[in-house]
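Input: a single structure, listed below in structure tokens.
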Amino acid sequence: MRFLITALFLLAALPARAQIADCDFGFDIDRQSSAFQSMLVDGEQKKGFWLSVNRAPPEIRGLAKYIGRLQVCLITPDGKPREIRRGGGTMTLDSPFVANCTAALLPDNRLLTNAHCYFDPDLVAAGFSIVQEARINFDYTSKDDTGSVRTYRVLTGPMAVDEDLDALLLQVIGDANADLGGHIPMKMRRDLQPYQSLAMIHHPGAEPQQYSTGTCQIHRRQDEIDAGRSPLRHTCESIGGSSGSLLFDARTLAVVGLHNQGGLSRLDESFNGGHKIAMIDEAFGLGFEEVGTAAPAAGPATPAPSRAEQARAALSEALLEPEAETQIARLRAVIEEYPGTDMAKRAQSMLARLEDQQASALTTQANAALTEALLMPEGAAKLTALQAVARDYAGTTAAVNAGDAARRLQASMQAAQAAPTVQPRVQAAPVAPRETTRQPTLRVCYVNDVRPPDAYLALRSQPSSRSGSRLRLLYKGESFSMVGPRQGDWHLVSTPDGLQGWVSWAKSRWITCP
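First residue of the sequence shown: -9, per my numbering; consecutive thereafter.
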């Protein structure tokens, strides 16, 4: 273990002429101004599986008042912006730059958080090597009511640092213990079991205080880590700003670890990371008391899990499924088995999102299959392909159109087969052939690329998109004959099955005429 009692470069003197701007410690913090690997969180980052601490059970709210949002104002020696490299990309950060983490209040007005909140390697490498000021905000639980927030300055020099455990001990300026009425309970659990339920209180994205529940567990692969080592694998969702959050055992509310990094995804093998509190307590001498976990030799049986606990466990299992189909089935089971619970409501929300994603993918596949079928030559093979689209993609617009096209094609084929054979009549005397008028051959065209704006060309009853009605949809590859006059950008056409209507030729690339 390595300890840094002095601030090292953090206390380096600034150049005499450096003009350093004031730190912005406001409550509207950009999501990307968070420390560690979540620096590059973008607009596609999903909202975490957490709830406002105001909706938490009383025992969670009791802990939450001792956990705050830590703001660290980092500057470069010359006060100028720097380019930072992160996750294969680069971004420019102004100086000062405010990084955000979560920290817990201990006895003697000490704070426990991650070392990278002060000593992030990428930030240091870019030149953000000086902590100009640090603050801790307690009771920040709502954006529209910040009047109850208690803010304290924090000494910029750390009391102790352990880089291997990514742990940092800081000193609050002022008596936060007295003002808040105490500190987090100094009890911990050393034993960790896969699927053990957890709770995490944090400030994700520097937002008002939240708590992770439901999917918050010891990861099933924790048993791969030797009991004497510090890494802790868990499934409590987090983003930038969650760094430095304590992980509590959900049943006893004893501390089990300190969260420090993300990595959790839909893959079953993925997990977030942290370190066991027992190792950090040993390194810093924090004074945690271990809570015994062994069951008494005799006594009443352990009570069965409550319905809410069973629902939470079922939802957690469902969300860890790597296959979408299996996950959907598990979510439906949670909704059916635990109706009316918060977990069932969350399962319903996530189920709707997954089903929307599947419906979108099905529509894309159906349209591609329909286009392929329509490009086939007229005949039995094309009929079979159209019927397959109507059957395999039932419920989609493509399936409806495929069914219509199949019925028209089938009727056309049956009519051709049923046409009577005309027998020649015996004539008494040869008759001189009469002169006939040959009908002109109609120009045949095809639907070409119609995107944008739609995936089809509309055949309408009138030469207008605002009057008349839509007769049918013509997809890429469908043919028709140009049979009538042109009115502006509209042409009268006839489909192979004899349906006549108007199509727009406003952009020539929509239609190709060989």
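From the three backbone atoms N, C-alpha and C, an ideal C-beta is built for every residue, glycine too.
If you're wondering where the values come from, they're calculated on a predicted model, not measured in any experiment.
Item                                                                                                                                                               : Value
Scan the segment 201 to 234 and note each continuous beta strand (DSSP E) run of 3 residues or more that stays entirely inside, going in chain order.              : 221 to 224
Does the count of Cβ pairs from the segment 218 to 232 and the segment 251 to 267 closer than 8 Å reach three?                                                     : yes
What residues are listed by DSSP as bridge partners for Q161?                                                                                                      : R100
Under the three-state reduction of DSSP, which class applies to I50: helix, strand or coil?                                                                        : helix
Are the Cβ atoms of D14 and V88 separated by less than 8 Å?                                                                                                        : yes
Going by the DSSP bridge assignment, what does Y142 pair with across the sheet?                                                                                    : I126
Here's the rule I'm using: 16 or more other beta-carbon atoms within 10 Å means buried, otherwise exposed. How should G277 be labelled?                            : exposed
So, helix, strand or coil for T80, using DSSP?                                                                                                                     : strand
Mind pulling the alpha helix (DSSP H) runs of 4 or more residues that sit fully within the segment 308 to 343?                                                     : 314 to 327
Measure from the alpha carbon of L160 to the alpha carbon of each residue in A323, R100, L461, then state which is nearest.                                        : R100
Assign S494 to one of three DSSP states: helix, strand, or coil.                                                                                                   : strand
Quick check: the Cα distance between L182 and A308, rounded to an integer number of angstroms?                                                                     : 22 Å
Take every Cβ of the segment 392 to 406, pair it with every Cβ of the segment 359 to 377, and state whether three or more of those distances are shorter than 8 Å. : yes
Per DSSP, which one or two residues make a beta bridge with A94?                                                                                                   : I57, L102
Look at the Cβ atom of Q207, then the Cβ atom of L237, and state whether they are nearer than 8 Å.                                                                 : no
Taking a contact to mean a Cβ-Cβ separation below 8 Å, would you say R302 touches G204 in this structure?                                                          : yes
For Q477, list the residues DSSP reports as bridge partners.                                                                                                       : W480
Cα-Cα, which of E345, R322, D346, Y185 is closest to K335?                                                                                                         : R322
Measure the alpha-carbon distance for E123 versus L41 and round it to whole angstroms.                                                                             : 30 Å
Residues bridged to R462 by DSSP?                                                                                                                                  : L449
Would the segment 331 to 345 count as touching the segment 367 to 379 if we require 3 or more Cβ pairs under 8 Å?                                                  : no
Kindly indicate which residue of Q355, L489, G275, S350 has the alpha-carbon position closest to the one of V151.                                                  : G275
Between which two residues does the alpha helix (DSSP H) holding S42 run?                                                                                          : Where S42 is concerned, there is no enclosing alpha helix (DSSP H), although the beta strand (DSSP E) it sits in stretches over 40 to 42.
A115 lies in the alpha helix (DSSP H); which residues open and close that run?                                                                                     : 111 to 116
May I ask you to report which of helix, strand or coil DSSP gives M403?                                                                                            : helix
Rounded to the nearest angstrom, what separates D20 and A93 at their Cα positions?                                                                                 : A caution first: D20 carries a pLDDT of 36, below 50, which makes its placement in the model unreliable, though a value can still be read off. Approximately 19 Å between the Cα atoms of the pair.
Provide the residue span of the alpha helix (DSSP H) that contains D239, from first to last.                                                                       : D239 -> not in any alpha helix (DSSP H); beta strand (DSSP E) instead, spanning 236 to 239.
Can you check DSSP and say which residues form a bridge with F278?                                                                                                 : According to DSSP, which records beta bridges pairwise, F278 is partnered with nothing at all.
What is the DSSP secondary structure of G247, reduced to helix, strand or coil?                                                                                    : strand
I'd like the list of long-range same chain contacts for Y446, defined as Cβ closer than 7 Å, with 5 residues on each side in sequence excluded.                    : V440, L463, L464, Y465
Locate the beta strand (DSSP E) running through N262, then write down its first and last residues.                                                                 : 262 to 266
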